[in-house]
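Asker:
Protein chains: 2
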Amino acid sequence: MVTGRGDSGTLEWKVNIPGGKSETLVPESGFVCRIWRGLRGLVEEFLLKIWRFLEKAWGIGVDEPRKLVHCLKVGLALSAVSLFYYMRPLYDGVGGNAMWAVMTVVVVFEYTVGATLSKSINRTAATFLAGSLGIGIHWVATQSGERFEPIILGFSVFILAAVATFSRFVPSVKARFDYGASIFILTFSLVSVSGYRVEKLIGLAHNRLSTIAIGTSLCIIISMLFCPIWAGDELHSLITRNLEKLSDSLNGCVAEYFHRNGTVVSGGEDCSKKLQGYKCVLNSKATEDSMANFAIWEPAHGNFNFRHPWKQYLKLGASMRYCACCIEALNGCLDTEVEAPEFLKEHLQDVCMILSSCSSNVLKELMITMKTMRRSSKIDFFVGEMNSAVQDLQNGMKSLPTMLSVPPPNTAKGEPGTKTTIPPLMEVLPLATLVSLLIEIAARIEAIVDNIDELAGLAEFKSAKDDKPKQNQSTITPISDNQDHETMTAIQKV
Amino acid sequence: MVTGRGDSGTLEWKVNIPGGKSETLVPESGFVCRIWRGLRGLVEEFLLKIWRFLEKAWGIGVDEPRKLVHCLKVGLALSAVSLFYYMRPLYDGVGGNAMWAVMTVVVVFEYTVGATLSKSINRTAATFLAGSLGIGIHWVATQSGERFEPIILGFSVFILAAVATFSRFVPSVKARFDYGASIFILTFSLVSVSGYRVEKLIGLAHNRLSTIAIGTSLCIIISMLFCPIWAGDELHSLITRNLEKLSDSLNGCVAEYFHRNGTVVSGGEDCSKKLQGYKCVLNSKATEDSMANFAIWEPAHGNFNFRHPWKQYLKLGASMRYCACCIEALNGCLDTEVEAPEFLKEHLQDVCMILSSCSSNVLKELMITMKTMRRSSKIDFFVGEMNSAVQDLQNGMKSLPTMLSVPPPNTAKGEPGTKTTIPPLMEVLPLATLVSLLIEIAARIEAIVDNIDELAGLAEFKSAKDDKPKQNQSTITPISDNQDHETMTAIQKV
Chain A
1 MVTGRGDSGT LEWKVNIPGG KSETLVPESG FVCRIWRGLR GLVEEFLLKI
51 WRFLEKAWGI GVDEPRKLVH CLKVGLALSA VSLFYYMRPL YDGVGGNAMW
101 AVMTVVVVFE YTVGATLSKS INRTAATFLA GSLGIGIHWV ATQSGERFEP
151 IILGFSVFIL AAVATFSRFV PSVKARFDYG ASIFILTFSL VSVSGYRVEK
201 LIGLAHNRLS TIAIGTSLCI IISMLFCPIW AGDELHSLIT RNLEKLSDSL
251 NGCVAEYFHR NGTVVSGGED CSKKLQGYKC VLNSKATEDS MANFAIWEPA
301 HGNFNFRHPW KQYLKLGASM RYCACCIEAL NGCLDTEVEA PEFLKEHLQD
351 VCMILSSCSS NVLKELMITM KTMRRSSKID FFVGEMNSAV QDLQNGMKSL
401 PTMLSVPPPN TAKGEPGTKT TIPPLMEVLP LATLVSLLIE IAARIEAIVD
451 NIDELAGLAE FKSAKDDKPK QNQSTITPIS DNQDHETMTA IQKV
Chain B
1 MVTGRGDSGT LEWKVNIPGG KSETLVPESG FVCRIWRGLR GLVEEFLLKI
51 WRFLEKAWGI GVDEPRKLVH CLKVGLALSA VSLFYYMRPL YDGVGGNAMW
101 AVMTVVVVFE YTVGATLSKS INRTAATFLA GSLGIGIHWV ATQSGERFEP
151 IILGFSVFIL AAVATFSRFV PSVKARFDYG ASIFILTFSL VSVSGYRVEK
201 LIGLAHNRLS TIAIGTSLCI IISMLFCPIW AGDELHSLIT RNLEKLSDSL
251 NGCVAEYFHR NGTVVSGGED CSKKLQGYKC VLNSKATEDS MANFAIWEPA
301 HGNFNFRHPW KQYLKLGASM RYCACCIEAL NGCLDTEVEA PEFLKEHLQD
351 VCMILSSCSS NVLKELMITM KTMRRSSKID FFVGEMNSAV QDLQNGMKSL
401 PTMLSVPPPN TAKGEPGTKT TIPPLMEVLP LATLVSLLIE IAARIEAIVD
451 NIDELAGLAE FKSAKDDKPK QNQSTITPIS DNQDHETMTA IQKV
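For the protein sequence lines, the chains are A and B, in the order given. Read in UniProt numbering, the first sequence has 314 at position 314, and its numbers run on one by one without any break. Read in UniProt numbering, the second sequence has 185 at position 185, and its numbers run on one by one without any break.
1) 8 Å is my cut-off, CB to CB: does Cys326 of chain B come that close to chain A?
2) Spatial neighbours of Gly61 of chain A within its chain, please: C-beta separation below 6 Å, excluding the five flanking residues on both sides.
3) Since Phe166 of chain B is in the alpha helix (DSSP H), which residue starts that stretch and which ends it?
4) Pull up the CB-CB distance for Phe461 of chain B and Met373 of chain B, whole angstroms please, since I reckon it's below 8 Å.
5) Is the beta carbon of Val173 of chain B closer than 8 Å to that of Ala162 of chain B?
6) Taking 8 Å as the cut-off, decide whether the C-beta atoms of Ile448 of chain B and Leu355 of chain B are in contact.
7) Under 8 Å between C-beta atoms, does Glu234 of chain A make it to chain B?
8) Please state whether DSSP places Ser319 of chain A in a helix, a strand or coil.
9) May I have the straight-line CA-CA distance separating Val282 of chain A from Asn361 of chain B, to the nearest angstrom?
10) Tell me, which residues are paired with Arg374 of chain A by DSSP?
11) Taking 8 Å as the CB-CB cut-off, is Ile152 of chain A touching chain B?
12) Express the C-alpha separation of Met99 of chain A and Leu209 of chain B in angstroms, rounding to a whole number.
13) Closest to Asp392 of chain A by C-alpha separation, out of A:Gln349, A:Gly277, A:Val105, would be which residue?
14) Going by DSSP in three states, Gly382 of chain A sits in which element: helix, strand or coil?
15) When we look at the beta-carbon of Lys245 of chain A and count the other beta-carbons within 10 Å, is it buried (16 or more) or exposed?
16) Provide the residue(s) that pair with Phe304 of chain B in DSSP beta bridges, ordered along the chain.
17) Pick helix, strand or coil for Glu23 of chain A, following the three-state DSSP scheme.
18) With a threshold of 16 other CB atoms inside 10 Å of the CB of Asp63 of chain A, please say whether the residue is buried or exposed.
19) Tell me, please, whether the segment 295-313 of chain A touches the segment 248-262 of chain A by the rule of three or more beta-carbon pairs shorter than 8 Å.
20) What's the C-alpha gap between Val406 of chain A and Met397 of chain A?
21) Could you pull out every residue in the same chain whose Cβ sits closer than 7 Å to the Cβ of Glu234 of chain A, ignoring the five residues on either side in sequence?
22) Would you verify that the beta carbon of Lys56 of chain B is, or is not, closer than 8 Å to some beta carbon of chain D?
23) Expressed to the nearest angstrom, what Euclidean distance is found between the alpha-carbon atoms of Lys49 of chain B and Gly232 of chain A?
24) Which whole-angstrom value is the C-beta distance of Glu365 of chain A and Ser357 of chain A, which I expect to be below 8 Å?
25) Alpha carbons only, please: which of B:Thr187, B:Gly38, B:Pro171, B:Ile379 is nearest the one belonging to Leu201 of chain B?
26) In chain order, what residues of the same chain lie with their CB nearer than 6 Å to the CB of Val74 of chain B, ignoring the 5 residues before and after it?
27) For Thr142 of chain A, I'd like the list of residues in its chain whose CB is within less than 7 Å of its CB, leaving aside the five on either flank, ordered along the chain.
28) Between Pro299 of chain A and the rest of its own chain, which residues show a CB-CB distance below 7 Å, the 5 nearest in sequence each way excluded?
29) Does the segment 429-448 of chain A come into contact with the segment 432-439 of chain B, if we say contact requires no fewer than three beta-carbon pairs (one atom in each stretch) closer than 8 Å?
30) Thinking C-alpha only, which one of B:Ser167, B:Ser82, B:Val191 is nearest residue 509 of chain B?
31) In terms of residues, what are the limits of the alpha helix (DSSP H) holding His238 of chain B?
32) Find the nearest neighbour of Leu238 of chain A within the set A:Gly277, A:Ala205, A:Ser217, A:Arg52, judged by alpha-carbon distance.
33) Less than 8 Å between CB atoms is the rule here; does Gly332 of chain B satisfy it with respect to chain A?
34) According to DSSP, is Val170 of chain A helix, strand or coil?
35) Output needed in chain order: residues of the segment 337-360 of chain A with a Cβ under 7 Å from some Cβ in chain B.
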């Protein structure tokens, strides 16, 4: 191998290969090698993907064992419905139509009881309606002669399918009867189409209805008896968890701003996870909507009666997102490089921290109210405290300009960069925003309080008189005795 | 009728009824009357509800005629598939299994091409997979004797149903193969269960697959040939519309704050609708997610090729929601009773308005970029302008304390309520928040710009060289000539 500078003056490499044979051999074995390596890489990647998938699935199973239970329930329901085939006496009763029972179980069995009920009722009602209508139109068609029969049938399928499809675009229908509309189209087409060939139409319809009834009742029984998962419970605990997340985020966000340069950084990853909790609140609209839609189908269970005001949860969720939005903006605004002057920060730190901890106390108390489903005796007190903290903060702000203008005006005329006692408004900006957003957040928390109050009225929450809520409330720092609450609130409420 | 004060001193009414008969008659006719009125009320209410429903449906039809077209397409597809029954030669070919074709059409036909394709492919692939697996397990079961056959079959149904159900909880499977998993369970149960009775299993499986193929291909053809509605198009135009909404909301919000007491209130309802546009952005996550999931199934169409980076739209949507959150907070904070002093407002009005109009110019330019799918030559200029407006605003803020401290400090020591030239910081609060949030919004708009830039790179947007984009851009107030852009941007970019 010889290296040298070529004639043209550019640096070049001359490579002398010792033998021609080795030159042709190397790429060949390299080719096989490359294919082998490529294949191995593909297989390894594939196995790695499967491994990651299994890991993820395992994580889900460990985090939410109820999902595993749901899977076992589906398997159980399907095995049970298969019995209709395996056992001769049952098979003779229902005949080959047992297929419909299997299909019903697969399609109708959902994670929550509400979803299963909603689908079951939709399926049964839509099949019944469409079946009767189909038989009626079939009768009309047969009366009008062989020539018009297919025309009438085809036309009715076209019209009804179009109308039912269109109805699915109307939001109120979409929310509750989407599945029913699609089953309506299905059954009507099947009846009117097979009616043209199969003569025993009513027998068929009866058979189909009874197998569907078997399938749906099996689903409902299994989903309600074995570890039932209620959509209402899920919605209620989602809202409760979100209240806690809001509270944690708010507290963490403000504390982080004031202690950014301090040493009080505890928790680490867990802490930053808590800070980001409000993001879950922002993204939970879709889940809340679907859960509320399923919950209205559920019978009374646990603390919820049949006419529990689930719609109110949506209003509550909206007001919580409204509040989370402000926390989001707060988080963004505080993340600037502009540092407020230390003395100003100190001046406002206490009032800000008090306001944020009062606000999150209110949220925590609301969370307890939701968890125990008892009206809180302390909530008025906490709200009053929050309002007086707002007042304090406002007073703190009002006293500021006097502080700022103590030095003679000459020094203030210096450049904004030099360290005068009067900070340019620019440096106060993040602090002012913090204050303003904290006040806004307090106002939005009051809206949440009103919403939960309304919910408590509609759902007839019990009043807090026994010991249970007190035990729970001990997690919050006690501020004053219970007896003084009424008077304190009356004084402090702004 | 005699009125008087009773013995006990309370006010009471004595009513003398003239005849006993009339007393008994009145309630009777009243009862019938009440029933009649109640019934009429019920019927009227029912009719009113139907009327309102029809009105709403009519509104949807007028607003989005494509939804009507979709309904006609469903009707068409169903009528077409019914032909397999009505026409004897076709019927003889497929036999009674034509039912499956009807069912496939009803279940698979969705609003967008992507959704239809996704369901079709899921259904076909899952049926094929589950069918083969079912036949395989059935063969194993028959080999192991009559006694073990139902046990093996039942057990395999139980295990596979549980596993497939569990896989639906994994987010990546849920997003793309949810329907496939449910069809897999369905087919496998049907095959393994009916295999116990029906002997011609392979023929049945073949028949089912071919009818499903007929149904899905019919759906795909009709949904792609007649006025196709592409999920990708919907997602793209949703994002484009949302950019416009953000721009309008931002501009309107700031203008409303400064002109609140002025006479410049134009538009009325339309204007307030524009102001609320950001709320649509906040709530569009679910739609974006599902559209992006459907869009990846779609073939190349219009300006989108097969591997269009739809995932990037989700990132873009997230950054837009991030920005909308700030506008939400801005809207809330400006809605206070605290009025900033007039001279301060005037001092900052121009710079704030310039910043907000620069920001919405950037958003509008981004909207045009998305609409035309061409890289904008002006976007760098607009971003530069926005950044220099941010700088101006910051300078404006920096010059403020000098202005504020012009009067001797004695006057400043007066109560905050009295009209001194130094406003208490409290009064500046909403204005300071406005400034802070505007700066934050500008930063978040830059994130949107980056996201769209990335999208333009991934999707290979054309560069803007022909006349088309210029025509569109004329809606924005032209600020300088094209030639100066590069130098201007270089100077102004902060």
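Positions of the beta carbon are idealized from the N, C-alpha and C atoms, including for glycine.
Answerer: Taking the definition as stated:
1) yes
2) Leu68
3) Run containing Phe166 of chain B: 145-167, per the alpha helix (DSSP H) assignment.
4) 5 Å
5) In this structure, Val173 of chain B does not lie closer than 8 Å to Ala162 of chain B by Cβ.
6) no
7) no
8) helix
9) The sequence shown places Leu at residue 282 of chain A, not Val. A straight line joining the alpha-carbon of Leu282 of chain A with that of Asn361 of chain B spans about 27 Å.
10) Under DSSP, the beta-bridge partners assigned to Arg374 of chain A are A:Lys462.
11) Not closer than 8 Å to any Cβ of chain B, the Cβ of Ile152 of chain A fails to qualify, so no.
12) 17 Å
13) A:Gln349
14) Going by the sequence as given, residue 382 of chain A is Phe instead of Gly. Reduced to three states, the DSSP call for Phe382 of chain A is helix.
15) Counting the other CB atoms within 10 Å of its CB gives Lys245 of chain A a total of 16 or more, which places it among the buried residues.
16) The bridge partners DSSP lists for Phe304 of chain B are B:His301.
17) With a pLDDT of 44 at Glu23 of chain A, under the threshold of 50, the predicted position of this residue should be treated as unreliable, and no value is reported.
18) exposed
19) no
20) Below a pLDDT of 50, predicted positions are generally treated as unreliable, and Val406 of chain A, at 41, falls in that range; the measurement from the model is reported next regardless. The straight-line gap separating the alpha-carbon atoms of Val406 of chain A and Met397 of chain A is approximately 16 Å.
21) Cβ neighbours of Glu234 of chain A beyond the five flanking positions: Thr112, Met291.
22) Structure shown: chain D not included; protein chains present are A and B.
23) 28 Å
24) For a cut-off of 8 Å, the C-beta gap from Glu365 of chain A to Ser357 of chain A is around 12 Å, too long to register as a contact.
25) B:Thr187
26) Phe109
27) Glu149
28) Phe306
29) The segment 429-448 of chain A, when compared against the segment 432-439 of chain B, does touch it at the 8 Å Cβ threshold.
30) Limits of chain B in this structure are 1 at one end and 494 at the other, which puts residue 509 of chain B out of reach.
31) The sequence as given places Leu at residue 238 of chain B; His does not occur at that position. Taken as a continuous stretch (DSSP letters only), the alpha helix (DSSP H) holding Leu238 of chain B covers 231-258.
32) A:Gly277
33) yes
34) Of the three classes helix, strand and coil, the one that applies to Val170 of chain A here is coil, per DSSP.
35) Residues: none.
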